[in-house]
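There are 2 protein chains.
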Amino acid sequence: MPPYDPSAFPPFAVTVDLVVLTVRHHALCALAIRRGEPPYQGRWALPGGFVRVDEDLGDAAARELAEETGLRAQNGAHLEQLATYGDPHRDPRMRVVSVAHLVLAPDLPAPRAGGDARSARWAPVTELLHDGAALAFDHARILADGVERARSKIEYSSLATAFCPPEFTVGELRRVYEAVWGVALDPRNFHRKVTGTPGFLVPTGGTTTRQGGRPAQLFRAGGAALLNPPMLRPEV
Amino acid sequence: MPPYDPSAFPPFAVTVDLVVLTVRHHALCALAIRRGEPPYQGRWALPGGFVRVDEDLGDAAARELAEETGLRAQNGAHLEQLATYGDPHRDPRMRVVSVAHLVLAPDLPAPRAGGDARSARWAPVTELLHDGAALAFDHARILADGVERARSKIEYSSLATAFCPPEFTVGELRRVYEAVWGVALDPRNFHRKVTGTPGFLVPTGGTTTRQGGRPAQLFRAGGAALLNPPMLRPEV
DNA sequence: GCTGCTTATCGTCAGGCAGACGACTAAGAT
DNA sequence: ATCTTAGTCGTCTGCCTGACGATAAGCAGC
């Protein structure tokens, strides 16, 4: 079979960008990389990089994630494709189409800087999104889309557990919901809901007092992927 | 600012593929194009084409949609990005990344064939998906993802009205849900739900008997985009 | 040990919504 | 005239949620 005539279509660069979210100190945070070279030198950006010739998109995202954070997607973190951004002028140098991916990770040690980046950090998403000039390229838009995806997805799936360590308490899970949604939830109704949903949580038998107060039961994530009926996000 | 060194990244072809869904004769149907050239010559495929150099992804999808069906996205039809598919071997000729889009359209006259296609038709999605060899490339996967997106999205949004003509009855809207979900719904509970959700439907004042039986009120889609609480899909 | 503070967990109650289904309405078909 | 078809209004029951009282079991400080 003859290959395409290379002049018959325009060539694109294809990258993956990562919205890596975690919950630290009661706040939803995203991984940001300080750019070491133009354009947007010195500005914060989402981690990412070129897709390789023989690499699938999800593989490229997993590779970038490992390079930037040491996280492996199997290791508790959740990785999914978010959306693709291809405005002709989103990168001033050339035509770049970016396939953004969303990662939900438990609280991690301080990130290590990657290749061409001067530094990396966990930044509260409110800070990154409110300072309109904070993020390079169209990354504010990508981050906002990722945050919105995470906010809606923990309503009807068990993905909030991806923000938790392997074993966690109901209170810790509740604080994840509170940080991601930015609301306060009633601890008693939340406890009833999550323990009453079959397959969401399985008790490990252990307890912990690492949050202070009365000892709390420890749980692992159950097999159920979808919550039915969903967790209801309070109005406003 | 210097442009990238073109040898520093691999070039990709970027295309848009369209999952165009409609409801005809009580069945969920997708637009399929018969391929006029290799690879997969003579097989059915989703409509699509290359993204142009100066064109955003959504614009490319809208252009392809207009070329294949004459539909304009403003004109009742709904267009949204679905997902991006970039397996290195999804096209045997070269590295192609396809940004799939989902279109929900009202029942249309028979489609007209596009440029390199021998013919086009509305095919029931069950037929396209059950015959494993029916669709070219990875289009069966893309179609399945699009159908699943449509099925879940009409639960919590008012998008089912995109399958209806500008004015429609409650019964016609119910038949849309039944066709997309493949279930039977109770007409009385459905009527109570949709007419009781503020902003979902606005009566036009007219009535029609085009479905037979007692005259039914005509409605237009209201402004509300989200249904809260959602329409519940029956189990199984 | 006792007090107070923290967090966890159990229970109760009222309101809202969905599923099941009866009853009635109003057109066309035979 | 009767049947058939589809639309519309009500009723009842059970489940789930939100609001919130009450109790349990750790820790810190006195």
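Protein chains in written order, with my numbering: chain A, 1 to 236; chain B, 1001 to 1236.
By construction, the Cβ of each residue, glycine as well, lies at the ideal position given by its N, Cα and C atoms.
Owing to the predicted nature of the structure, the values given are computational and were not obtained by experimental measurement.
Comparing the C-beta of Glu55 of chain A with each C-beta of chain B, is any distance below 9 Å? yes
Give the interface partners of Gln81 of chain A over in chain B, defined as CB-CB distance under 9 Å, in chain order. Ala1083 and Thr1084
With a Cβ-Cβ cutoff of 9 Å, do Thr161 of chain A and Thr208 of chain A count as a contact? no
Closer than 8 Å by C-beta to Glu1178 of chain B: which residues in its own chain qualify, once you throw out the five before and the five after it? Chain order, please. His1026, Ala1184 and Leu1185
Contact between the stretch 74-85 of chain A and the stretch 150-167 of chain A is defined here as three or more beta-carbon pairs at a separation below 8 Å; is this criterion met? yes
List, from N- to C-terminal side, the beta strand (DSSP E) runs of 3 residues or more that fit wholly inside the stretch 1153-1214 of chain B. 1201-1208
Here's a check: name, in chain order, each residue in its chain whose Cβ is nearer than 6 Å to the Cβ of Arg1141 of chain B, leaving out the five neighbours to either side. none
Buried versus exposed call for Ser1119 of chain B [16 or more other C-beta atoms within 10 Å across all chains shown]: exposed
Output the boundary residues of the beta strand (DSSP E) element that contains Val53 of chain A. Taken as a continuous stretch (DSSP letters only), Val53 of chain A belongs to no beta strand (DSSP E), as it is neither H nor E.
So, is Leu135 of chain A buried or exposed, given that buried needs 16 or more other C-beta atoms within 10 angstroms? buried
Host beta strand (DSSP E) of Leu104 of chain A (start-end): Val96 to Leu104
In chain B, what lies closer than 9 Å to Val97 of chain A by C-beta? Phe1012, Val1014, Val1051, Leu1057, Thr1084, Val1097 and Val1099
Proximal residues of chain A, C-beta to C-beta of Phe951 of chain B below 9 Å: Missing from the structure shown is residue 951 of chain B; chain B here goes from 1001 to 1236 and no further.
Beta carbon of Val14 of chain A, beta carbon of Val1097 of chain B: below 9 Å? yes
With contact counted as at least three CB pairs below 8 Å, one residue from each stretch, are the stretch 199-218 of chain A and the stretch 1057-1066 of chain B in contact? no
What in chain B is Cβ-close to Phe9 of chain A, meaning under 7 Å? Ala1013 and Phe1050
Go through its chain and collect everything with a Cβ distance to Asp138 of chain A's Cβ below 8 Å, but skip five positions before and after it. Tyr85, Asp87 and Arg90
Going along the chain, which residues of its own chain have a beta-carbon closer than 7 Å to the beta-carbon of Thr1022 of chain B, five neighbours each way excluded? Cys1029, Ala1105, Pro1106, Asp1107, Leu1108, Trp1122 and Phe1163
Got a sec: is the Cβ-Cβ distance from Pro1088 of chain B to anything in chain A below 9 Å? yes
So what does DSSP say about His89 of chain A, is it helix, strand or coil? coil
Quick one: Cα of Gly182 of chain A to Cα of Val1099 of chain B, how far? 33 Å
In the DSSP output, which residue or residues are listed as bridge partners for Val16 of chain A? A:Gly49 and A:Val99
How should Met243 of chain A be labelled, buried or exposed, when 16 other C-beta atoms within 10 angstroms of its C-beta is the threshold for buried? Within the shown structure, residues of chain A are numbered from 1 to 236, placing residue 243 of chain A beyond reach of any answer.
Rounded to the nearest angstrom, how far is the Cβ of Leu1173 of chain B from that of Val1194 of chain B, given a contact under 8 Å? 6 Å
Taking buried to mean at least 16 other C-beta atoms within 10 Å of its own C-beta, is Ala1066 of chain B buried or exposed? exposed
Look at the alpha carbon of Ala1144 of chain B and the alpha carbon of Gly206 of chain A, and state the distance between them as a whole number of angstroms. 42 Å
In whole angstroms, give me the CA-to-CA distance for Pro234 of chain A and Gly223 of chain A. 26 Å
Going by Cα to Cα distance, which pick from B:Pro1229, B:Ala1150, B:Leu1227 and B:Gly1199 is closest to Arg1220 of chain B? B:Gly1199
Is Ala1026 of chain B helix, strand or coil when you go by DSSP? Sequence inspection shows His at residue 1026 of chain B; the Ala mentioned does not correspond to that position. Three-state result, His1026 of chain B: coil.
Going along the chain, which residues of its own chain have a beta-carbon closer than 7 Å to the beta-carbon of Arg1024 of chain B, five neighbours each way excluded? Asp1107 and Trp1122
Straight-line Cα distance separating Leu1201 of chain B from Val1225 of chain B: The question names Val, but residue 1225 of chain B is Ala in the sequence shown. Those two C-alpha atoms are separated by around 11 Å.
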